[in-house]
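Comments concern the structure below.
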Amino acid sequence: MQSDSFIVVGYEQSSVARGGIGSLLLAARKGDDWAYVGSLGTGFSVSVAEKLRKMLNRIKRKTPPVSCGGRRKNLVWVQPTLIAEIEYRAWTHDGKLRHASYKGLREVQDNAAVYELE
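Numbered according to UniProt numbering, the sequence shown spans residues 1 to 118.
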């Protein structure tokens with residue numbers, strides 16, 4: 001398993017899962033921009049998901065900060081300001097995280113470096 005910091009760029013709403021969050025949408029730094037690296041739906045309890053959803057709803061935005069392709073529904077985009085520690089097994093051939101799991105938010109004072117794609 002590997003562990004790195006990624007930026008949260010949104011979430012997929014759910015009426016049946018973990019405090020209203022079906023999955024978190026993640027990005028990594030690519031030059032001066034953000035690049036979508038996948039989503040995850042594991043690693044958080046109901047109470048953590050509820051807290052996350054409240055935090056994310058305070059920083060909502062209308063337009064996506066990254067292009068994530070596909071036709072997913074119920075996406076909520078957020079300002080790319082929250083950094084999450086993510087554990088994952090590997091990268092897929094198309095540059096997405098494989099078997100990613102949420103480990104927690106990084107504190108501002110950590111000066112956490114967001115994963116940078118080459």
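We put the beta carbon where it would ideally sit given N, CA and C, even for glycine.
{"Item": "Beta-carbon spacing of residue 83, residue 49 below 9 Å", "Value": "no"}
{"Item": "Cβ distance (whole Å) where residue 35 is taken to contact residue 66 below 8 Å", "Value": "6 Å"}
{"Item": "Secondary structure of residue 17, DSSP reduced to three states", "Value": "coil"}
{"Item": "Distance cut-off 8 Å: residue 94 Cβ against heavy atoms of the ligand ADP", "Value": "The model on display carries no ligand, and the ligand ADP is accordingly not part of it."}
{"Item": "Straight-line gap, residue 37 to residue 19 (C-alpha atoms, nearest Å)", "Value": "23 Å"}
{"Item": "Cβ pair residue 28, residue 116 closer than 9 Å", "Value": "yes"}
{"Item": "For residue 104, the residue or residues it bridges with in DSSP", "Value": "85"}
{"Item": "Sequence-distant residues of the same chain with beta carbon closer than 6 Å to residue 90, five excluded per side", "Value": "98"}
{"Item": "Buried or exposed (CB count within 10 angstroms, at least 16 for buried), residue 10", "Value": "buried"}
{"Item": "Pair within 9 Å by beta-carbon distance, residue 81 and residue 7", "Value": "yes"}
{"Item": "First and last residue of the uninterrupted alpha helix (DSSP H) at residue 47", "Value": "46-57"}
{"Item": "Helix, strand or coil at residue 9 according to DSSP, with G and I counted as helix", "Value": "strand"}
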